[in-house]
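Chemist: Have a look at the structure that comes next, please.
There are 2 protein chains.
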Amino acid sequence: MSKPGLPRGTRDFGPEQMFRRNYIIDNIRKVFERYGFQPLETPSMENLSVLTGKYGNEGDQLLFKVLNSGDYLSKTSGDDYAAGSKSLTPKISNKGLRYDLTVPFARYVVMHQNDITFPFKRYQIQPVWRADNPQKGRYREFYQCDADIIGTDSTLSDLEIVWLIHDVYKSLGLGDFELKMNNRRILTAISEYIGEPGKEGPLCVAIDKLDKIGLESVITELERSGFSSKSCELLSEVIQIKGSNEEKVDKLMGLIGDLPNGERGLQDVSFILGHASSKKDIQLKLDFDLTLARGLSYYTGTIFEVKPTSVKMGSITGGGRYDDLTGIFGLNGVSGTGISFGIDRIYDVMLELNLFPEEQSSNTKVLITNFGEKELDFSLKVLNDLRSAGISTEIYPSNAKMKKQFNYANKRGIPYVAVIGSEEASNQTITLKDMVSGSQDQLGLKEVLEKLVV
Amino acid sequence: MSKPGLPRGTRDFGPEQMFRRNYIIDNIRKVFERYGFQPLETPSMENLSVLTGKYGNEGDQLLFKVLNSGDYLSKTSGDDYAAGSKSLTPKISNKGLRYDLTVPFARYVVMHQNDITFPFKRYQIQPVWRADNPQKGRYREFYQCDADIIGTDSTLSDLEIVWLIHDVYKSLGLGDFELKMNNRRILTAISEYIGEPGKEGPLCVAIDKLDKIGLESVITELERSGFSSKSCELLSEVIQIKGSNEEKVDKLMGLIGDLPNGERGLQDVSFILGHASSKKDIQLKLDFDLTLARGLSYYTGTIFEVKPTSVKMGSITGGGRYDDLTGIFGLNGVSGTGISFGIDRIYDVMLELNLFPEEQSSNTKVLITNFGEKELDFSLKVLNDLRSAGISTEIYPSNAKMKKQFNYANKRGIPYVAVIGSEEASNQTITLKDMVSGSQDQLGLKEVLEKLVV
Chain A
1 MSKPGLPRGT
11 RDFGPEQMFR
21 RNYIIDNIRK
31 VFERYGFQPL
41 ETPSMENLSV
51 LTGKYGNEGD
61 QLLFKVLNSG
71 DYLSKTSGDD
81 YAAGSKSLTP
91 KISNKGLRYD
101 LTVPFARYVV
111 MHQNDITFPF
121 KRYQIQPVWR
131 ADNPQKGRYR
141 EFYQCDADII
151 GTDSTLSDLE
161 IVWLIHDVYK
171 SLGLGDFELK
181 MNNRRILTAI
191 SEYIGEPGKE
201 GPLCVAIDKL
211 DKIGLESVIT
221 ELERSGFSSK
231 SCELLSEVIQ
241 IKGSNEEKVD
251 KLMGLIGDLP
261 NGERGLQDVS
271 FILGHASSKK
281 DIQLKLDFDL
291 TLARGLSYYT
301 GTIFEVKPTS
311 VKMGSITGGG
321 RYDDLTGIFG
331 LNGVSGTGIS
341 FGIDRIYDVM
351 LELNLFPEEQ
361 SSNTKVLITN
371 FGEKELDFSL
381 KVLNDLRSAG
391 ISTEIYPSNA
401 KMKKQFNYAN
411 KRGIPYVAVI
421 GSEEASNQTI
431 TLKDMVSGSQ
441 DQLGLKEVLE
451 KLVV
Chain B
1001 MSKPGLPRGT
1011 RDFGPEQMFR
1021 RNYIIDNIRK
1031 VFERYGFQPL
1041 ETPSMENLSV
1051 LTGKYGNEGD
1061 QLLFKVLNSG
1071 DYLSKTSGDD
1081 YAAGSKSLTP
1091 KISNKGLRYD
1101 LTVPFARYVV
1111 MHQNDITFPF
1121 KRYQIQPVWR
1131 ADNPQKGRYR
1141 EFYQCDADII
1151 GTDSTLSDLE
1161 IVWLIHDVYK
1171 SLGLGDFELK
1181 MNNRRILTAI
1191 SEYIGEPGKE
1201 GPLCVAIDKL
1211 DKIGLESVIT
1221 ELERSGFSSK
1231 SCELLSEVIQ
1241 IKGSNEEKVD
1251 KLMGLIGDLP
1261 NGERGLQDVS
1271 FILGHASSKK
1281 DIQLKLDFDL
1291 TLARGLSYYT
1301 GTIFEVKPTS
1311 VKMGSITGGG
1321 RYDDLTGIFG
1331 LNGVSGTGIS
1341 FGIDRIYDVM
1351 LELNLFPEEQ
1361 SSNTKVLITN
1371 FGEKELDFSL
1381 KVLNDLRSAG
1391 ISTEIYPSNA
1401 KMKKQFNYAN
1411 KRGIPYVAVI
1421 GSEEASNQTI
1431 TLKDMVSGSQ
1441 DQLGLKEVLE
1451 KLVV
């Protein structure tokens, strides 16, 4: 028999990883709900008509497609086969695995537009699948964790996203990050200001690479795609404007404040900067960064990105405002703003910074020993009473040697062992051993409960 | 543009359904962890070599298969195409969606046998996929919710499953159910007793249909598959034994107690019956039911099934002991016992019995009105202070008409609206309207917090 394995780019999450992942997800969910976001889940499979054409050509390549059930070849011909994979696919597969949570969300909104109360604040935490080449930190199945406010173009909602990001990371004990913010309207205004109106698309794509390839190469790329050297010179000046967030806004107001997109974009940035720090517990490095562009084409207003400051890692959270998410399904004019938390990367950062609580590695607090039939009645009473008090408790299932039972507790990281031998059973007492300190006490059931209930 | 839709047999879970589903899942998870079960998640896709041949021919048909990425036809020939779907499939697809949580669990145990501390108590709550014909209550994507104790053959673990079932349903407020229990060894002994040794397989399959087709048809089916009429007569007598659980054990002991399987099976049943009621808060209709057989072939010991008593519905929970789950992957002799909760059916039962808490329909407790820029500073202060106190709060994102803002609160089922107009903003007060009673009070922020913090 061949050894069983896992598909490339997929992972099992054992107990230790699951406790940590649940710690992250539970905390995020709590914050989402405190902000009034409502949960949504969509099916793993979507019709390919819903998915295809939404992520560009490259995205379409990365969709996992599901074979139609039954005799899927029955409606094909030898010619279809001869025409090759690409043209055979739509004839043998009409479903695919979701690629992100955004397109399914847009589909949901369009299908339920008459039932939804707008503005609609939804969150969604589910896996997505991409047939990408697996590498360190890149998987073929991974979780996305999105929150969106849709059906309003109010900048107040963008401000809420800033606070949401702050409170999520606060709840995780991860304060060590920088929140970069920019606005697509400002980038549009800049393209007008430098004399290349309508070219904000290539501008964003190029600027997005600044971090990786540097200013010089970005300029080269822009010149190659038709930007004049005068434009590039102006651009270099603009995106190198220095100063505090407020100083940058002031300087830009002088340059692009007369352009409608410039004015509105800078107003939005000012509004967010002006109010963000009014939250009394805020501790946030909020950086108005003109070089932040975000790759995705659907953003139209405020954009966000979070990077940890002391760990080498790309963006762990990103999002922004879009004017027309549901237009792809025929429902126009629905503006929204949203954010996506990268759980896998947050996990890695928290692990490196040692931010997971100790007790997350095991849930069981007490192991009750098993000496056999005679002691069983009292042992089971203790077991049930501890559990009723909310204490995670196990009993060793067989009367194996004590060494084996203690070994089990040790390996599982269970902090207390309740020894109930014949003496204890007849006295109705418990010898409670603290597995960390090694100390042990003979206690009554009441005392054990008092000691262990938090 | 065509209207977007969902693949057959799949569902969106909107906010209301999600709150209820999360209520069920969170409660079950809490009980699982109180019992020391540890979380596990496996990938949605498994290699077809792992999945195929584990669920019988019918099961193999119901596997969703994922097309290989890239030019998946490159390694095929026209002959492969001509040979038809069945023989082409393994050449163009090597992955499938998981069909249940049991086979992936067995694969995980085999792959991690050297790292796992046995006995291993794991739980797993994830969706599974089956290309079944969708009908009422049967979906192509649905959740399974499993807990297993593996690596021990102790009957104490079966007893734990009984208590686990009890506590799960108690936590859901669903006391209205019957737990049927039987033991495969007893069924094996019965097949020996009636003179058809080795035929426990067809016996189980036939008995499993008793509920649906009645005793007479079961007998007919057994006779057709070669059972003698004498055997069938004896069988009818045995499975119609009446009395309390204990009386049934006694009577059976007289009939099959001398057969090793009969003795051991009845010992297990006695052990569970004898101890189950020792749990002090127990309220459980536990029924030793000789006609319970469970379809799945891998059970070898105690078997369980839960049905609601006052709602017409099939099994909502089922499981039992197996001796050789991991044998399919070459690791023999690993005994275990487990249980699976059917979340979709539990959802339907709880909905029918009106068991979901009212407040599960929305998470937001307070909506703060939006009158515009002037009132914004104080409104945002109230917003952040309420959230900091753990109260789910929203602010309406734009200064729309009050009617619209109140409508939003109404439709969302938000119980309080905090009106902050110009008067309130200048007094630093809040007019808090109770949307249920209609009453309203002008309060300070402190008073609002006192009133709303639970």
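If you're matching them up, the sequences are chains A and B in order. So in my numbering, spot 125 of the first sequence is number 125, and the numbers just go up one at a time. So in my numbering, spot 262 of the second sequence is number 1262, and the numbers just go up one at a time. Positions of the beta carbon are idealized from the N, C-alpha and C atoms, including for glycine. Everything numeric in this text was worked out from a predicted model, so none of it was measured.
Looking at the structure shown, is G390 (chain A) part of a helix, part of a strand, or coil, going by DSSP?
Modeler: coil
Chemist: Where does the unbroken beta strand (DSSP E) through V1306 (chain B) begin, and where does it stop?
Modeler: 1299-1308
Chemist: Would S1229 (chain B) and E1223 (chain B) be called neighbours here (beta carbons separated by less than 8 angstroms)?
Modeler: yes
Chemist: Which two residues bound the contiguous alpha helix (DSSP H) that contains I1161 (chain B)?
Modeler: 1155-1171
Chemist: CB-CB under 7 angstroms to F1374 (chain B), same chain, minus the five flanking residues each way: which ones, in chain order?
Modeler: First, the residue type needs correcting, since residue 1374 (chain B) is Lys and not Phe in the sequence shown. Closer than 7 angstroms at the Cβ level, and outside the excluded window around K1374 (chain B), lie S1422, A1425.
Chemist: Can you look up P90 (chain A) in the DSSP assignment and give me helix, strand or coil?
Modeler: helix
Chemist: Any Cβ of chain A within less than 8 angstroms of the Cβ of A1131 (chain B)?
Modeler: A1131 (chain B) counts as touching chain A.
Chemist: Shortest alpha-carbon distance to L68 (chain A) belongs to which of B:S1069, B:D1071, B:L1062?
Modeler: First, the amino acid is wrong: residue 68 (chain A) is Asn here, not Leu. Minimum Cα distance to N68 (chain A) is reached at B:L1062.
Chemist: Please return the same chain residues whose Cβ sits closer than 7 angstroms to the Cβ of C1204 (chain B), not counting the five positions on each side in sequence.
Modeler: Closer than 7 angstroms at the Cβ level, and outside the excluded window around C1204 (chain B), lie L1187, A1293.
Chemist: Along chain B, in chain order, which residues have C-beta atoms closer than 8 angstroms to that of S236 (chain A)?
Modeler: Result: empty, since nearest Cβ-Cβ is about 37 angstroms, beyond 8 angstroms.
Chemist: Kindly indicate the opening and closing residues of the alpha helix (DSSP H) around L1273 (chain B).
Modeler: Residues 1260-1276.
Chemist: Strictly by DSSP, which residues pair up with V419 (chain A)?
Modeler: A:T431
Chemist: To the nearest angstrom, how far is it from the Cα of G214 (chain A) to the Cα of E1447 (chain B)?
Modeler: 55 angstroms
Chemist: Counting only beta-carbon atoms, is H1275 (chain B) nearer than 8 angstroms to chain A?
Modeler: yes
Chemist: Is E1375 (chain B) close to chain A, meaning its C-beta is less than 8 angstroms from at least one C-beta of that chain?
Modeler: no
Chemist: Where does the unbroken alpha helix (DSSP H) through S217 (chain A) begin, and where does it stop?
Modeler: 210-224
Chemist: With distances taken between CB atoms, is the gap from N261 (chain A) to R185 (chain A) smaller than 8 angstroms?
Modeler: yes
Chemist: Identify each residue in the segment 1014-1029 of chain B for which the Cβ-Cβ distance to at least one residue of chain A is less than 7 angstroms, and report them in chain order.
Modeler: G1014, P1015, M1018, F1019, N1022
Chemist: Pairs of beta-carbons, one from the segment 1380-1400 of chain B and one from the segment 26-40 of chain A, closer than 8 angstroms: are there three or more?
Modeler: yes
Chemist: Whole-angstrom Cβ separation of V269 (chain A) and I316 (chain A), contact assumed at under 8 angstroms?
Modeler: The Cβ separation is near 22 angstroms, so there is no contact.
Chemist: Return the bridge partner residues of G96 (chain A) from the DSSP annotation.
Modeler: A:E46, A:K65
Chemist: Among the residues of its own chain, which have a CB less than 7 angstroms from the CB of F341 (chain A), if the five just before and after it don't count?
Modeler: I28, C145, V168, T317
Chemist: Within 10 angstroms of its Cβ, does T309 (chain A) collect 16 or more other Cβ (buried), or is it exposed?
Modeler: exposed
Chemist: Does the segment 378-388 of chain A come into contact with the segment 405-421 of chain A, if we say contact requires no fewer than three beta-carbon pairs (one atom in each stretch) closer than 8 angstroms?
Modeler: yes
Chemist: With 8 angstroms as the threshold, decide whether the Cβ of T1042 (chain B) is near any Cβ in chain A.
Modeler: yes
Chemist: Grouping DSSP H, G and I as helix and E and B as strand, with all else coil, what is E1447 (chain B)?
Modeler: helix
Chemist: If you run the structure through DSSP and keep just helix, strand and coil, what is Y322 (chain A)?
Modeler: strand
Chemist: Does G1301 (chain B) have its Cβ less than 8 angstroms from a Cβ in chain A?
Modeler: Interface criterion not met: the Cβ of G1301 (chain B) is under 8 angstroms from no Cβ in chain A.
Chemist: Within the chosen definition, does the segment 153-173 of chain A reach the segment 240-248 of chain A through at least 3 CB pairs nearer than 8 angstroms?
Modeler: Result no; under three Cβ-Cβ pairs closer than 8 angstroms.
Chemist: Ordered along the chain, which non-local residues of its own chain (more than five positions away) have a Cβ less than 6 angstroms from that of L1172 (chain B)?
Modeler: Within the same chain, and ignoring the five residues on either side of L1172 (chain B) in sequence, the residues whose Cβ sits closer than 6 angstroms to its Cβ are N1027.
Chemist: Here's a check: name, in chain order, each residue in its chain whose Cβ is nearer than 7 angstroms to the Cβ of I1328 (chain B), leaving out the five neighbours to either side.
Modeler: The residues are K1054, A1106.
Chemist: Need the endpoints of the alpha helix (DSSP H) that G1201 (chain B) sits in, please.
Modeler: 1200-1207
Chemist: I believe R1103 (chain B) touches I1150 (chain B) by the beta-carbon criterion, under 8 angstroms. Please report the beta-carbon distance rounded to the nearest angstrom.
Modeler: According to the sequence shown, residue 1103 (chain B) is Val rather than Arg. No, V1103 (chain B) and I1150 (chain B) are not in contact; Cβ-Cβ is about 13 angstroms, not under 8 angstroms.
Chemist: Does T1291 (chain B) get closer than 8 angstroms to chain A when you measure Cβ to Cβ?
Modeler: no
Chemist: Determine, using beta carbons only, whether E352 (chain A) and V306 (chain A) come nearer to each other than 8 angstroms.
Modeler: For the pair E352 (chain A) and V306 (chain A), the CB atoms are not nearer than the 8 angstroms cut-off.
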